[in-house]
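Visitor: Under my numbering, the first residue of the sequence shown is numbered 2, with each subsequent residue one higher.
The structure that follows is given in the form of structure tokens.
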Amino acid sequence: MERLENAVRAIEFRSPEWVPVYRLLLNPENPWIESDFIEVLYTHPRDWKPSRKGEDEWGCVWDNLGGKTMGNVVIPPITSWEKLEDYEFPDPYREERFTDPIPYNIGDFTFEIPCAEHQISTWAEDRYVLGSLEITLFQRLQFLRGADTILKDIYLERKMAEELADRVTDFYLGLIDMWSSRGAHGVIAYDDFGTQQGLWMRPQIWREFFKPRYEKMIKAAHSRGMHFFLHSCGHIYDIIGDLVEIELDVLQLDQPELLGVDRLGRDFGGKICFFCVVDIQKTLQTGTREEIEEAAKHMIKVLGSFDGGFMGRAYPQPEAIDLKPENVDAMIRAFRKYGKYPRRRV
């Protein structure tokens with residue numbers, strides 16, 4: 002069975018042969034050589050130039066403080082609603098987003114990776130192609146208005162906040178269309194809705210504001226024959242049922258122990274496909290090889306015993322959170338060792 006077909010079967014609960022595994026390596030010839038997936042990025046139009054240091058194409062000014070992570074927006078572009086009237090949103094339909102090399106930054110180190118079309122034609126082979134939407138709705142709104150400001154807007158300036166959210170959603174609908182035309186099999190959104198304790202907002206507010214817009218994006222992907230993946234950090238348990246309701250295909254979690262693996266399996270096993278690492282804050286960070294192996298085995302047993310429903314993932318930037326390479330290797334070996342079907346349903 003090809004890797005693509007096997008991944009589709011895992012997502013759709015149609016009896017895959019093995020647990021699909023995602024792993025990105027620092028290998029310029031083929032960084033996906035050990036992966037069942039290839040995740041592809043897009044870039045900014047070639048005629049866009051920053052007007053000041055640290056500015057992105059949305060007009061957000063960043064300061065990464067010389068660290069390993071993406072950094073922080075220090076100057077949002079829409080500091081007043083008057084500025085929204087003249088704000089020029091990026092165009093998702095620019096062809097060069099997918100045909101030009103992609104500048105990439107890790108701290109102070111900048112390099113280029115091949116364009117999206119080259120990555121797909123050269124590295125995809127029989128792999129599942131996942132088109133990245135990168136930072137998506139909630140976090141994009143935070144970057145455009147400021148994190149505290151957009152939360153206040155949602156409560157106190159709902160009409161204007163919804164207008165901005167609709168415009169941002171339109172951008173991602175365009176990207177979904179473009180990824181479809183490039184042959185992607187799914188798209189992945191990155192949106193952190195949770196803190197360590199719970200959601201950034203009351204669940205009802207999320208349901209009123211974000212749920213219908215995500216449903217629109219998910220339907221757009223489905224209408225083009227693609228799956229929709231969502232990554233979220235934090236304690237988002239209160240909205241997983243809503244994500245199932247709007248037919249999210251895959252939920253990508255880096256902190257499954259925060260939510261409770263057994264609880265996830267009990268309440269949502271067989272209803273949504275989980276795409277997880279061994280918990281990056283706990284076991285993968287500090288566990289022994291045996292503990293990491295046991296955690297991977299347990300996730301496969303609890304989340305993947307529904308004729309599919311679980312896929313393994315390696316955190317794509319382990320150096321950013323100081324993960325030991327030997328721990329990541331132990332996790333991948335465990336996913337391969339225990340991820341064989343058919344499995345007995347638990």
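Backbone N, C-alpha and C define an ideal beta-carbon position, used for all residues, glycine too.
Quantities reported herein were computed from a predicted structural model and do not represent experimental measurements.
Which one or two residues does DSSP pair with valine 279 in a beta bridge?
Guide: The partner list for valine 279 (beta bridge, DSSP) is empty, contrary to what the question assumes.
Visitor: Just curious, the beta strand (DSSP E) that histidine 186 is in, first and last residue?
Guide: Premise fails: histidine 186 is in no beta strand (DSSP E) and is neither H nor E.
Visitor: Check the Cβ-Cβ distances between isoleucine 237 and every residue of chain D, and say whether any is below 8 Å.
Guide: No chain D is part of this structure, which consists of one protein chain only.
Visitor: For aspartate 149, which residues from the same chain have a beta carbon less than 7 Å from its beta carbon, with the 5 sequence-adjacent residues on both sides left out?
Guide: Counting only Cβ-Cβ distances below 7 Å, and skipping sequence neighbours, we find nothing.
Visitor: Which two residues bound the contiguous beta strand (DSSP E) that contains aspartate 64?
Guide: It spans 62 to 64 - the beta strand (DSSP E) in which aspartate 64 sits, taken as one unbroken run.
Visitor: Considering only residues of the same chain and omitting the five flanking positions on each side of aspartate 243, which have a CB-CB separation below 7 Å?
Guide: These residues qualify, in order along the chain: Arg208 and Lys212.
Visitor: Nearest-angstrom Cα distance between glycine 199 and tyrosine 339?
Guide: So the alpha carbons of these two residues sit roughly 32 Å apart.
Visitor: For proline 326, I'd like the list of residues in its chain whose CB is within less than 8 Å of its CB, leaving aside the five on either flank, ordered along the chain.
Guide: If we look at proline 326 and ignore the five residues flanking it on each side, its Cβ neighbours are Pro319.
Visitor: Roughly how many angstroms separate the alpha carbons of proline 257 and cysteine 277, rounded to a whole number?
Guide: Cα to Cα, the separation comes out at about 7 Å.
Visitor: Put arginine 314 into one of helix, strand or coil per three-state DSSP.
Guide: In this structure, arginine 314 counts as strand in the three-state DSSP scheme.
Visitor: Near aspartate 92, what residues of its chain come up, given a Cβ to Cβ distance below 8 Å and the 5 sequence neighbours on each side ignored?
Guide: Counting only Cβ-Cβ distances below 8 Å, and skipping sequence neighbours, we find Pro46 and Gly175.
Visitor: Can you list, in chain order, the residues of its chain with a C-beta nearer than 6 Å to that of alanine 125? Leave out the 5 residues immediately preceding and following it.
Guide: Result list for alanine 125: Ile39, in chain order.
Visitor: Taking contact to mean 3 or more Cβ pairs, one atom from each stretch, closer than 8 Å, check whether the region 224 to 238 and the region 156 to 172 are in contact.
Guide: Contact fails: fewer than three Cβ-Cβ distances are below 8 Å.
Visitor: Can you check the region 144 to 220 for any beta strand (DSSP E) of at least 3 residues that lies completely inside it and give the ranges in chain order?
Guide: Counting whole runs of 3 or more residues, the region 144 to 220 contains the beta strand (DSSP E) stretches 187 to 191.
Visitor: Note down the Cα distance separating proline 17 from tryptophan 59, rounded to an integer number of angstroms.
Guide: Going from the Cα of proline 17 to the Cα of tryptophan 59 covers about 41 Å.
Visitor: Quick one: residues in its chain with C-beta nearer than 7 Å to the C-beta of phenylalanine 269, no 5 flanking neighbours on either side, listed in chain order?
Guide: Answer for phenylalanine 269: Ile241 and Val245, listed in chain order.
Visitor: Taking the alpha-carbon positions, what's the proline 115 to leucine 42 distance?
Guide: Cα to Cα, the separation comes out at about 10 Å.
Visitor: Tell me which residue opens and which closes the beta strand (DSSP E) that leucine 27 is part of.
Guide: Taken as a continuous stretch (DSSP letters only), leucine 27 belongs to no beta strand (DSSP E), as it is neither H nor E.
Visitor: Helix, strand or coil for tryptophan 19? Go by DSSP, reduced to three states.
Guide: Tryptophan 19: strand per DSSP, three-state reduction.
Visitor: I'd like to confirm something about asparagine 73: is its beta-carbon nearer than 7 Å to some heavy atom of the ligand GDP, or not?
Guide: The ligand GDP is absent from the structure shown, which contains no ligand whatsoever.
Visitor: Determine the DSSP secondary structure at leucine 249, reduced to helix, strand or coil.
Guide: Here leucine 249 sits in coil by DSSP.
Visitor: Does the structure place the region 157 to 168 close enough to the region 186 to 202 that three or more beta carbon pairs sit under 8 Å?
Guide: Judged by Cβ distances under 8 Å, the region 186 to 202 makes no contact with the region 157 to 168, as fewer than three pairs qualify.
Visitor: Is the beta carbon of isoleucine 121 closer than 8 Å to that of glycine 187?
Guide: No, Cβ-Cβ distance for glycine 187 and isoleucine 121 is not below 8 Å.
Visitor: Nearest to tryptophan 180 by alpha carbon, out of Glu216, Phe139 and His228?
Guide: Among Glu216, Phe139 and His228, the Cα nearest to that of tryptophan 180 is on His228.
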